[in-house]
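Here's the structure, in C-alpha cells; my notes come after.
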Amino acid sequence: MYETSKAMVSINPFTGKQIELWPHHNGAQVDELLERAQHDAQAWSSVSIQERAQGLRSLADALEQRAEALAQTLTAEVGKPISESRSELAKCVEVCRFYAAKAPDLLRPTPAPTEAAGSHVRYDPLGVIFAVMPWNFPFWQVMRFAAPALMAGNALIFKHAPNTQGCAQGIITALAASVLPTGLLQLVRVPVERVEA
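Written out as C-alpha cells, the structure is:
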C-alpha cells in the first residue's frame with residue numbers, strides 16, 4: 315500500500331521494505347502553497363525571458379550536481395536499473411537546457427494572417443498550473459512539463475504518485491539549490507480525494 319489516510323509511503327518494490335513515510339499536507343499548508351505560488355507567479359511573469367533562461371539553466375545545474383543521488387532514489391522507489399535512472403536524470407538536465415536556449419525564439423510573438431491591419435500570436439503566462447504526475451518516469455514527467463511552463467512565465471504545483479515521493483522531494487531540493495524562487499515549482503501531498511475536490 316502506497317498511501318494511507320494520513321501519508322504517502324515510499325516502498326522499495328524489490329525488497330518490499332518501506333523507505334519513508336511522507337505526511338499529507340493539511341488545509342493550511344495547501345493554502346500556503348497556493349499563496350506562495352500566486353505571489354511568485356505574478357513576479358515571475360514580469361521577469362525577462364533571459365532571466366527565466368538563467369533560472370532554468372541554474373535548475374539544470376542543480377539537477378546535474380545531484381544526479382547520482384537522485385538516480386539512486388529513483389531506482390529505490392521505482393525499481394528501475396540504475397543505468398535507466400541515470401539516463402532519466404540526464405534527459406531532465408537536457409530538457410531544462412533545451413528550453414532555456416530555445417524558448418526565447420519559441421515564445422516570440424509571430425505574425426498571424428488576418429484581415430486586420432496587424433495581428434500576431436503572443437504567448438502570455440497563464441499563472442499557476444496544477445499537474446498530477448505518474449510514477450513511471452517520476453523526474454522526466456515533471457521536468458518535461460516544468461521546463462517549458464517555467465520559461466513561459468508560469469508557476470507550477472504538482473501532486474506526484476504516492477510511491478515516488480522521494481523523487482518528488484528530490485526535484486524540490488534541486489529547485490531550492492537553484493536561483494529560481496521556490497514558489498515557482500511546488501509539491502503538494504494530498505490524497506486523491508482532495509485532488510478531485
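Residue numbers (the numbering used here): 315 to 511.
We put the beta carbon where it would ideally sit given N, CA and C, even for glycine.
In this text the structure is predicted, and so the values were computed from the model without any measurement.
**Asked** Can you name the residues that DSSP bridges to residue 434?
**Response** 425
**Asked** Pairing CB atoms from the region 485–505 with CB atoms from the region 333–340, are three or more of them under 8 Å?
**Response** yes
**Presumed contact (8 Å Cβ cut-off) between residue 374 and residue 411, rounded CB distance** = 5 Å
**Message:** So if DSSP puts residue 469 in a beta bridge, which residue, or which two residues, is it bridged to?
**Reply:** 442
**Item:** Helix, strand or coil at residue 266 [DSSP, three-state]
**Value:** Any question about residue 266 goes unanswered here, given that the chain covers just 315 to 511.
**Asked** Does the region 467–481 come within contact of the region 345–362, defined as at least 3 CB pairs closer than 8 Å?
**Response** yes
**Request:** Identify whether residue 447 lies in helix, strand or coil by the three-state DSSP scheme.
**Result:** coil
**Item:** Simplified DSSP assignment, three categories, for residue 372
**Value:** helix
**Message:** Applying the 10 Å Cβ sphere with the 16-neighbour rule, what's the burial state of residue 553?
**Reply:** No information on residue 553 is available, as it lies outside the stretch 315 to 511 that the chain covers here.
**Asked** Where does residue 327 sit, in a helix, a strand or coil, going by DSSP?
**Response** coil
**Request:** Determine the contact status of residue 388 and residue 365, defining contact as a CB-CB distance below 8 Å.
**Result:** no
**residue 430, buried or exposed, once every other Cβ within 10 Å from all chains shown has been counted against 16** = exposed
**Message:** Could you give the first and the last residue of the continuous alpha helix (DSSP H) run that contains residue 452?
**Reply:** Segment: none, residue 452 is in no alpha helix (DSSP H) and carries neither H nor E.
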